[in-house]
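Going letter by letter, the sequence shown gives residues 1 to 402 in UniProt numbering. Heads up, the thing below is written out as structure tokens.
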Amino acid sequence: MAIQKTHKGKTKPRSPTLILTVSIVAITLLYIASTLFSPNGFSFSTSITSKNSVFSKNCRQHNGPHKYIYWGNRIDCPGKHCDTCAGLGHQESSLRCALEEAMFLQRTFVMPARMCINPIHNKKGILLGSGNSISEETEERWEDSSCAMDSLYDLDLISDTVPVILDNSEMWHHVLATSMKLGARGVAHVEGVSKTDLKEKSSYSNILLINRTASPLSWFAECKDRKNHSSILLPYSFLPSMAAKKLRYAAEEIKKLLGDYDAMHVRRGDVLKTRKDRFGVERSLHPHLDRDTRSEFILCRIAKWVPPGRTLFIASNERTPGYFSPLAVRYKLAYSSNYSSILDPLIENNYELFMVERLILMGAKTFIKTMKEDDNDLSLSDDPKKNNKKWEIPVYTRDGEE
Ligand SMILES: *[C@@H]1O[C@H](CO)[C@@H](O)[C@H](O)[C@H]1NC(C)=O
Ligand SMILES: *[C@@H]1O[C@H](CO)[C@@H](O)[C@H](O)[C@H]1NC(C)=O
Ligand SMILES: *[C@@H]1O[C@H](CO)[C@@H](O)[C@H](O)[C@H]1NC(C)=O
């Protein structure tokens, strides 16, 4: 009782004017605080916090920008028909291009939820063993023509560098709903606008969502300045090293078993294709590649880089049984097929297998590529990797021989 009385006695002298003034100051402070913590002036961040439980999986990027950029729901759609797509490396070049733009614009990138799988890159042969005898007819295939993006990549890991969400996530639906409510400030549909304009012009920079139509042929065509090294924000190794957790785990287990090893990636298959010129002569874009990727040529070429007795991990799309066996005279050979007890339960398609193999290749003491990409690369062939024009007659003799 006594305490209550004292309390009442204390508040009594306060005038209504003072209470009003205090309230106004408090409300003003609250308003300023809310503007400060919602950097774009949208009330978006507050609504995310309140829905934390729903979006907890996507919450890591929320220290980052709360504006979004979308390039569409298919990475690449080469040629006129969209029913197929290029290989993983091709699609990664495109995805990297989009991620770089998102970084430049300081926006969250809205990734397609699925990645198309090229049918010619989805045979099971590699896993079943290039050292064992499997005939083409009995070769098993993975049937899927696409896979979930988050089965290949660790989105949380990517988000540490550039925030990403998927275009089938609850977050994306929330962004779309919010953009509708915001009207003109909600979404800008753009095509052919430069990234500098998207960043600097207020008609774009203030918009919650930029829906940008990327080149339907291949997204990487958007990175016109990708030859300019100072404008490259993400290295080629970025996406390969962002592999999903289970793939990174598999690679780590296999690397432990391999111990101290060297590795080479031998691309044959599709890159060996030839076509006949008007005189009926076979021509190839990589005239020395078939020769350079034969075992006897490989043995000569790598002798100076890989000492005898080393464990050599080989990743290849070559299907001929025992194709690399001649290398066993000098090296202890290992393939993914040696580790099928680790891989079989985990791997669901060839893209996943290739992601694991790339991590193993990256972990080798000495790594030899098929063709040079950088000046410092060791490679089996000196043919340039990028050549879409010059078709030449394949060479099978040693250099300097007729
Ligand atoms: C983005 O723009 C394209 C082309 O204008 C349109 O077809 C698509 O529906 C838009 N997507 C969103 C999410 O606004
Ligand atoms: C290369 O990129 C940088 C950074 O984006 C830019 O400042 C420079 O002008 C570009 N150089 C050329 C030759 O395009
Ligand atoms: C991998 O398997 C092949 C036979 O399929 C065998 O000859 C080779 O020694 C194995 N390599 C390792 C590193 O165990």
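Glycine included, C-beta positions come from ideal geometry on N, C-alpha and C. Model, not experiment: these values are computed from the prediction.
So, at 7 Å on beta carbons, what are the nonlocal neighbours of residue i in its own chain, with the 5 sequence-adjacent residues on each side left out?
{"i": "Thr161", "result": "none"}
{"i": "Ala250", "result": "Ile342, Leu343, Leu346 and Val356"}
{"i": "Glu392", "result": "Arg283, Ser284 and Pro287"}
{"i": "Ser179", "result": "Gly186, Val187, Leu208 and Leu209"}
{"i": "Thr397", "result": "none"}
{"i": "Ser93", "result": "Phe220"}
{"i": "Lys386", "result": "none"}
{"i": "Gly72", "result": "Thr213 and Ala214"}
{"i": "Ile298", "result": "Leu327 and Leu380"}
So, are the CB atoms of residue i and residue j less than 8 Å apart?
{"i": "Leu353", "j": "Ile360", "result": "no"}
{"i": "Leu378", "j": "Thr366", "result": "yes"}
{"i": "Glu282", "j": "Thr274", "result": "yes"}
{"i": "Ala243", "j": "Met355", "result": "yes"}
{"i": "Tyr331", "j": "Val306", "result": "yes"}
{"i": "Ser295", "j": "Pro321", "result": "no"}
{"i": "Trp219", "j": "Ala328", "result": "no"}
{"i": "Pro112", "j": "Asp167", "result": "yes"}
{"i": "Lys335", "j": "Ile314", "result": "Here residue 335 turns out to be Tyr, not Lys, going by the sequence shown. Yes. Within cutoff."}
{"i": "Val164", "j": "Thr108", "result": "yes"}
{"i": "Ser316", "j": "Arg268", "result": "yes"}
{"i": "Leu258", "j": "Thr311", "result": "yes"}
{"i": "Phe238", "j": "Arg96", "result": "yes"}
{"i": "Tyr323", "j": "Val175", "result": "no"}
Please list, in chain order, all residues of the same chain as residue i whose beta carbon is under 8 Å from its beta carbon, the five residues on each side excluded.
{"i": "Cys147", "result": "Arg114, Met115, Ile117, Glu348, Asn349, Tyr351 and Glu352"}
{"i": "Gln4", "result": "Confidence at Gln4 is low in this model, with a pLDDT of 43, below 50, so the placement of that residue should be treated as unreliable; the coordinate-derived value is given next. If we look at Gln4 and ignore the five residues flanking it on each side, it has no Cβ neighbours."}
{"i": "Asp399", "result": "none"}
{"i": "Met149", "result": "Met111, Pro112, Ala113, Arg114, Met115, Leu155 and Leu166"}
{"i": "Lys390", "result": "Leu285"}
{"i": "Met103", "result": "Thr161, Val162, Leu233 and Leu234"}
{"i": "Tyr204", "result": "Ala188, Val190, Val193, Asp197, Leu198 and Ile210"}
{"i": "Ser151", "result": "Ala244, Glu348 and Glu352"}
Which residues share a DSSP beta bridge with residue i?
{"i": "Ala263", "result": "Phe313 and Phe367"}
{"i": "Thr108", "result": "Tyr68"}
{"i": "Val190", "result": "Arg212"}
{"i": "Thr274", "result": "Ser284"}
{"i": "Asp150", "result": "Paired residue(s): none; Asp150 is not in a bridge."}
{"i": "Val164", "result": "Phe109"}
{"i": "Glu318", "result": "For Glu318, which the question treats as bridged, DSSP gives no partner whatsoever."}
{"i": "Leu333", "result": "Leu312"}
{"i": "Met115", "result": "Cys147"}
{"i": "Ser379", "result": "Lys369"}
{"i": "Asp76", "result": "Ser218"}
{"i": "Ala243", "result": "Tyr153"}
{"i": "Glu392", "result": "Ser284"}
Among the residues of its own chain, which have a CB less than 6 Å from the CB of residue i, if the five just before and after it don't count?
{"i": "Asp382", "result": "none"}
{"i": "Arg100", "result": "In the sequence as presented, Arg is not what sits at residue 100; that position holds Glu. Closer than 6 Å at the Cβ level, and outside the excluded window around Glu100, lie Leu233 and Leu234."}
{"i": "His189", "result": "Asn211"}
{"i": "Arg358", "result": "Pro240"}
{"i": "Asn388", "result": "none"}
{"i": "Glu253", "result": "Ile342"}
{"i": "Ile70", "result": "As written in the sequence, residue 70 is Tyr, which differs from the Ile given in the question. Here the set comprises Val110 and Asn211."}
So with Cβ pairs under 8 Å, would you call residue i a contact of chain B?
{"i": "Ile232", "result": "Of the protein chains in the structure, only one exists, and it is not chain B."}
Give me the Cβ distance between residue i and residue j, rounded to the nearest whole Å; I'm assuming they're in contact under 8 Å.
{"i": "Leu272", "j": "Lys195", "result": "In fact, because the Cβ distance is near 38 Å, the residues do not count as touching under 8 Å."}
{"i": "Lys255", "j": "Asp154", "result": "With a Cβ gap of about 18 Å, Lys255 and Asp154 do not count as contacting."}
{"i": "Asp290", "j": "Pro394", "result": "6 Å"}
{"i": "His66", "j": "Asp76", "result": "His66 to Asp76, Cβ: 28 Å. No contact."}
{"i": "Ala364", "j": "Tyr261", "result": "6 Å"}
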